[in-house]
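Mapped onto this note's numbering, the consecutive letters of the sequence shown carry residue numbers 132 to 227. Idealized CB from N, CA, C, for every residue including glycine. Below is one structure, written out as C-alpha cells; the observations come after it.
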Amino acid sequence: MNKPSLAERRLELISRCAEERAELADAVLALRPSNALGHPVAGFVVGHKKAVLASAAAMLGVMLARRKTIAALAGTVMTGMSMARNVLGVVRQFRR
C-alpha cells in the first residue's frame, strides 16, 4: 500500500473544498427570494419592497387628488387595450 504524500493529499483536499464551495454558492444563490421568482423585475420588487410600496402609494395619492387624471388614465388604458386586441387579432391571422 502506497500512502499518498502530504502534497498529494493537500492538493486533493484543496480541489474537494473548491468543489464544495462552488456547490454551496449555487445553493445559497438559488435560495434568495429574488432568484426564486425567476424574473428580474420581481427580484427588484422583492429586494426593494419599501421603496416600491412608497412610490405606489405616492402615485395613488396623486391620482386620487386629481380625479380628472383618473378619468383620462382610464380612457387611455381602454384605448390601449382595444388597440392591443386588434394587433393580436392581426398577429393570429398571420400565424395561421
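I'd like the list of long-range same chain contacts for residue i, defined as Cβ closer than 7 Å, with 5 residues on each side in sequence excluded.
| i | result |
| --- | --- |
| residue 183 | 176 |
Between which two residues does the alpha helix (DSSP H) carrying residue i extend?
| i | result |
| --- | --- |
| residue 141 | 137-162 |
| residue 180 | 180-196 |
For residue i, which residues of its own chain have a beta-carbon under 6 Å away from its beta-carbon, when the five flanking residues on both sides are left out?
| i | result |
| --- | --- |
| residue 188 | none |
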